[in-house]
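Numbers in the numbering used here are just positions in the sequence shown, counted from 1, shifted up by 14. Backbone N, C-alpha and C fix where the C-beta goes; we use that ideal spot for every residue, glycine too. Because the structure is a prediction, the values reported are computed rather than measured. First up is the structure itself, then whatever we jot down about it.
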Amino acid sequence: MNKKWHYLPEVSSCFSEKVEEIERHLSLLAIMLSKGAVIEYKSDMGKMKQKRVLELCDTHPLKAGAVLMIYNFIESISTALMKDIHEYLNGELPSRALTEISEKLRNTIINFNCNLKLNDLKEYFDNYANKEDSIDKILIDGWLKKSKELATEKDDEGVSYDKYFNGNVDFRKLKTELDGLGLKSCLIDDIVSDKSRRRYKIHADSKKKRPSSILEIKSGRNRLAHGSMTFSEFGQKKSLDEIKMHFENIQGFFDGLFDIINNSLKQQYHVQNLSQ
């Protein structure tokens, strides 16, 4: 797979790579779970090759690791999406009047500025605003710059990275973020229609199954990250088929979501008075 979304360059550059990384891991797990699987290696004490028959328990930590990899896919690809949308709006909004912007996005911009602390607002006016700017441009630029700052952190080495989420991405959180940007939540819900489930190869008998795969992976990640279960305990309770199903559901969901968002950006959703 090497899918490209023209208006989502960050997503396009990492989606296929991350999918392939997880698929390689799942393929290796399938081999390790096959009957009579062995590993061959050289011991430190000599040049003779040694063999070890793999047992089922050897794969449990690796299955837990696969869940962490899938959550990494969810959060990193969601972050890439938010970054792409922000970059798109950064190029489109500064030349617009507030009255030209769709109602939901306009309200987000106004409310963001109204909720800024006085010191933050003063800092923005001192550092960014020009006296010649209209109030519309000041509010729009303020939202673009300050919201980007709030979504950027630095690691221990001082390297900046995007952090739109905080280890807590699920379907509801993603919908809330996109809805705040003026992207219609009902369009996202369309992904779970019968037609879309077939198109995006989503394994689901009802509308709740697909979003629940994201929640299931997030919950698993939290249990592992917070130490409530060991990797072996967690992996013992998960079959490879179950993990694969969740990944295919999640991959299909994002495939459909990116098609919708890419088309929304192409149609300049931000200047349309869409019914929210």
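Exposure label - residue i; buried when at least 16 CB within 10 Å
{"i": "residue 172", "result": "exposed"}
{"i": "residue 235", "result": "buried"}
{"i": "residue 93", "result": "buried"}
{"i": "residue 281", "result": "exposed"}
{"i": "residue 36", "result": "buried"}
{"i": "residue 291", "result": "Since the first residue of the chain shown is 15 and the last is 290, residue 291 is not available in this structure."}
{"i": "residue 85", "result": "buried"}
{"i": "residue 129", "result": "exposed"}
{"i": "residue 230", "result": "buried"}
{"i": "residue 227", "result": "buried"}
{"i": "residue 95", "result": "buried"}
{"i": "residue 270", "result": "buried"}
{"i": "residue 195", "result": "buried"}
{"i": "residue 267", "result": "buried"}
{"i": "residue 278", "result": "buried"}
For residue j and residue i, the rounded distance between their alpha carbons
{"i": "residue 192", "j": "residue 56", "result": "52 Å"}
{"i": "residue 80", "j": "residue 28", "result": "18 Å"}
{"i": "residue 72", "j": "residue 49", "result": "13 Å"}
{"i": "residue 77", "j": "residue 251", "result": "10 Å"}
{"i": "residue 116", "j": "residue 159", "result": "19 Å"}
{"i": "residue 285", "j": "residue 114", "result": "5 Å"}
{"i": "residue 41", "j": "residue 265", "result": "16 Å"}
{"i": "residue 178", "j": "residue 44", "result": "34 Å"}
{"i": "residue 275", "j": "residue 244", "result": "38 Å"}
{"i": "residue 68", "j": "residue 119", "result": "55 Å"}
{"i": "residue 260", "j": "residue 188", "result": "17 Å"}
{"i": "residue 63", "j": "residue 70", "result": "22 Å"}
{"i": "residue 220", "j": "residue 197", "result": "Any reading at residue 220 is ruled out, since the residue's pLDDT is 44, under 50, leaving its predicted position unreliable."}
{"i": "residue 127", "j": "residue 176", "result": "21 Å"}
{"i": "residue 103", "j": "residue 157", "result": "11 Å"}
{"i": "residue 238", "j": "residue 82", "result": "8 Å"}
{"i": "residue 310", "j": "residue 170", "result": "This structure leaves residue 310 out entirely; the chain is present only between 15 and 290."}
{"i": "residue 21", "j": "residue 164", "result": "23 Å"}
{"i": "residue 263", "j": "residue 59", "result": "47 Å"}
{"i": "residue 148", "j": "residue 34", "result": "48 Å"}
{"i": "residue 242", "j": "residue 174", "result": "31 Å"}
Residues near residue i in its chain [Cβ-Cβ closer than 6 Å; skip 5 each side]
{"i": "residue 74", "result": "246, 249, 250"}
{"i": "residue 32", "result": "87"}
{"i": "residue 89", "result": "179, 183"}
{"i": "residue 111", "result": "150"}
7 Å Cβ shell around residue i - same chain, five flanking residues per side excluded
{"i": "residue 66", "result": "52, 53"}
{"i": "residue 108", "result": "151, 154, 155"}
{"i": "residue 19", "result": "25, 26, 272, 276"}
{"i": "residue 47", "result": "73, 254"}
{"i": "residue 106", "result": "284"}
{"i": "residue 162", "result": "100"}
{"i": "residue 23", "result": "98"}
{"i": "residue 240", "result": "none"}
Sequence-distant residues of the same chain with beta carbon closer than 8 Å to residue i, five excluded per side
{"i": "residue 232", "result": "85, 88, 182, 183, 184"}
{"i": "residue 91", "result": "25, 28, 29, 32, 268"}
Item checked: In chain order, each alpha helix (DSSP H) run of at least 4 residues that lies wholly inside the segment 49 to 107 -> 70 to 106
Checklist line | Given 8 Å, three or more beta-carbon pairs between the segment 251 to 267 and the segment 95 to 112 | finding: no
Notebook entry, point to check: Is there contact here, the segment 114 to 128 with the segment 149 to 158, by at least three beta-carbon pairs under 8 Å?
Noted result: yes
Next item on the list: Counting only runs of 4+ residues fully inside the segment 227 to 274, write out the alpha helix (DSSP H) ranges in chain order.
Entry: 245 to 250
Next item on the list: Give, in chain order, every unbroken run of the alpha helix (DSSP H) that is at least 4 residues long and sits entirely within the segment 110 to 196.
Entry: 117 to 128, 132 to 141, 149 to 164, 185 to 194
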